[in-house]
Amino acid sequence: MSQNPQEKPEPPVFPAVNRQPMTRREAREAREAQEAREAQEAREAQEAREAQEAKSTQGAGEAHEAQAARQDAAADVPAAPVDQRHPQTPGPWTPPPAETTAQVATLAGLDFDSVVTGPISVGSEAAAELGREPVGAAARHEAARGAAADDHGVAGSPVHAIFSPLADDRGEVGGGDPEHPLAWRQQNYLSHDKPPKRRRRWVKPVVVTAVVVAVLAGLAGGAYAAFQPQVAKLITALSPVDNDYTGTGTGQVMFTIKSGDTGDSIATNLQKAGVTKSYDAFYQLLLRQHPEVQFQPGVFKLAKRMSAQAALTALQDPASRMQNTAVIPEGTAEKDALQTVSESTKIPLAELQQAAANPAEFGLPPEAKTLEGFLFPATYTFAPGATAHDVVKTMVDRSFQALDEAGVAPGDRWNTVVLASIVQREAGLKDDYPKVARVFLNRLAQGWDLQSDATVAYGTGNTHRVETTDAERADASNPYNTYAHSGLPVGPISNPGDLAINAVVHPADGPWMFFVTWNLKTGETIFSTTVAEHDAAVAKWQQWMKDNPGYG
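Position one of the sequence shown corresponds to residue 16 (our numbering), numbered consecutively onward.
Here you go:
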């Protein structure tokens with residue numbers, strides 16, 4: 016603080032406020048000038064020391080010659096190549112040439128602090144000592160504006176006086192006198208500082224966007240997992256699958272619903288018969304019905320390529336139901352055939368069973384104790400008012416017709432029907448029937464047991480499967496057990512159709528002694544000659560049974 020209270024204190028100097036801000040080029044040139052002065056002072060001090068040493072050893076004359084030789088050698092070093100299109104971009108770096116004494120003296124007289132870096136208060140006495148006049152604040156501000164005013168012909172400012180030798184016609188520093196000291200500094204002391212790295216402003220938005228997308232994707236995945244059933248229904252509603260026909264169809268199909276058929280089996284059979292386009296079309300329609308549909312056994316007159324709705328309507332229409340019509344599939348046992356006929360004709364089952372109790376009345380062979388094997392599988396339409404006896408006789412006569420057409424003599428009917436009934440139950444695919452018949456004939460010819468599981472199962476009262484257990488196969492009390500009893504069983508085990516009868520009459524040629532239907536879905540059968548081959552086939556069938564529970 017001043018000792019004189021009346022004396023107003025000097026205001027503080029704030030270079031950032033009291034002077035115009037420097038450009039990057041001005042700051043760099045100022046920094047390079049300062050470094051050049053420091054380097055020059057260091058070189059002069061070094062030269063002074065060397066000169067003093069040289070004077071003490073060799074004399075002042077020799078020291079002067081050594082200093083001149085060093086300066087000449089430095090002057091001979093070529094300057095670093097500069098790209099003429101980009102003067103600020105140097106080529107491979109080479110040491111700059113030493114400044115001459117005149118350049119050093121000229122630069123020493125420049126007031127860089129007041130002209131370039133801003134106002135620095137220097138008294139008149141100090142200025143006199145330095146050999147230059149002080150520059151006031153107004154003059155310095157004028158110097159900052161001199162560069163802009165120079166384009167309009169204004170000259171004479173300190174900035175113009177110092178840097179005008181370097182400016183070209185456009186006012187660019189460096190385009191003037193190349194011999195000027197500042198030009199030399201500009202050419203040989205370019206800044207080697209790396210430019211500041213630009214901030215990559217796109218990084219943050221990209222990161223934010225990626226995070227938002229990831230969060231939304233996670234939310235969408237969670238929502239889909241939680242509401243997948245609803246989403247599936249919505250997709251189905253918006254994009255219905257083309258799995259159904261339209262209209263009431265064409266042609267004629269006699270479709271049978273047997274006692275015990277469910278909506279699932281009816282949907283499957285409709286598709287197989289060519290009535291509906293797909294299982295799903297009919298079954299999904301059933302699930303939407305309220306109350307639940309109750310189907311009646313019988314034969315219905317339908318058409319090909321019907322819509323699911325048209326087929327369902329026809330199956331519920333009494334007018335579509337064929338009266339007194341029964342369909343008996345191949346391989347059906349007697350008790351099942353009589354049940355189907357009763358449901359179709361409305362004849363009481365007891366009356367049909369009483370009529371079938373006396374096989375001799377219908378002309379069966381004397382060995383026959385039942386009508387098993389002689390109720391030919393076919394589609395029957397009985398006249399209104401037909402009796403139980405009439406119905407049974409119609410079916411037996413149809414069996415005799417099939418045997419006659421196959422060329423079976425009346426005396427051979429019994430053995431033919433018995434073997435055909437086994438082939439009917441054991442064979443799968445159409446082409447396998449003659450091969451299966453050949454296996455059984457080969458076994459009979461060589462005195463082997465038939466070992467048919469279908470006969471054992473029939474003897475236990477099961478007419479819907481062919482697989483048996485070890486205990487069942489060992490039960491000799493079962494007269495149909497062809498493991499315990501040699502030759503043909505005591506009677507037929509099913510009602511064979513034309514295919515099985517013809518297979519027995521015309522068996523395939525082959526040495527096969529074994530067969531096993533290893534795929535119960537497709538009916539594929541493996542025929543073998545040796546025990547080892549058969550054991551491998553049985554293992555394949557057993558594995559299939561493990562993989563497909565529910566069959567048996």
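No residue lacks a Cβ here, since even glycine has one placed at the ideal position from N, Cα and C. The structure presented is a predicted model; accordingly, all values stated were derived computationally and were not measured.
Span of the beta strand (DSSP E) around Trp533: 529–534
Of the listed residues Gly512, Arg43, Phe389, nearest to Pro425 (C-alpha basis): Phe389
DSSP three-state assignment for Ser543, whether helix, strand or coil: strand
From Arg480, Glu382, Leu444, Leu327, residue whose alpha carbon lies closest to that of Val432: Glu382
Length of the line joining the Cα atoms of Arg46 and Arg216: 31 Å
Pair within 7 Å by beta-carbon distance, Val290 and Ala326: yes
Whole runs of the alpha helix (DSSP H) within the stretch 436–468, excluding any shorter than 4 residues: 448–460
Runs of alpha helix (DSSP H) wholly within the stretch 492–531 (minimum 4 residues, chain order): 513–520
Through-space distance from Leu285 to Thr277, alpha-carbon basis: 12 Å
Within the stretch 355–402, ranges of the alpha helix (DSSP H) (whole runs, at least 4 residues): 364–371
Reduced DSSP category for Val226 - H, G, I as helix; E, B as strand; rest coil: helix
Buried or exposed by the 16-neighbour rule on C-beta atoms within 10 Å, applied to Pro511: buried
Local Cβ density within 10 Å of Asn373, reported as buried at 16 or more and exposed below that: exposed
Pair within 7 Å by beta-carbon distance, Ala499 and Thr483: no
Coil, strand or helix - Ile272 by DSSP: strand
First and last residue of the uninterrupted alpha helix (DSSP H) at Lys287: 278–287
Reference Lys408, options Leu418, Ala54, Asp490, Ala370, closest by Cα: Ala370
C-alpha gap between Gly233 and Val222, whole angstroms: 17 Å
C-beta atoms of Thr385 and Ser359 nearer than 7 Å: no
Inter-residue Cα distance where the pair is Gly462 and Ala489: 19 Å
Short Cβ contact (7 Å threshold) for Ala515 with Gln439: yes
Pair within 7 Å by beta-carbon distance, Thr402 and Ser322: no
Within 7 Å, strictly: CB atoms of Pro522 and Ala452: yes
Pro507 beta carbon less than 7 Å from that of Ser436: yes
C-beta atoms of Met528 and Asn457 nearer than 7 Å: yes
Nearest residue (CA-CA) to Val520, options Trp559, Leu535, Lys450, Phe542: Lys450
Gln67 in three-state terms, based on DSSP: helix
Test: Ala452 CB closer than 7 Å to a CB of chain C: As a matter of chain content, chain C is missing from the structure shown, which is built from one protein chain.
Beta-carbon spacing of Ser335, Lys350 below 7 Å: no
Beta carbon of Ala393 nearer than 7 Å to that of Tyr448: no
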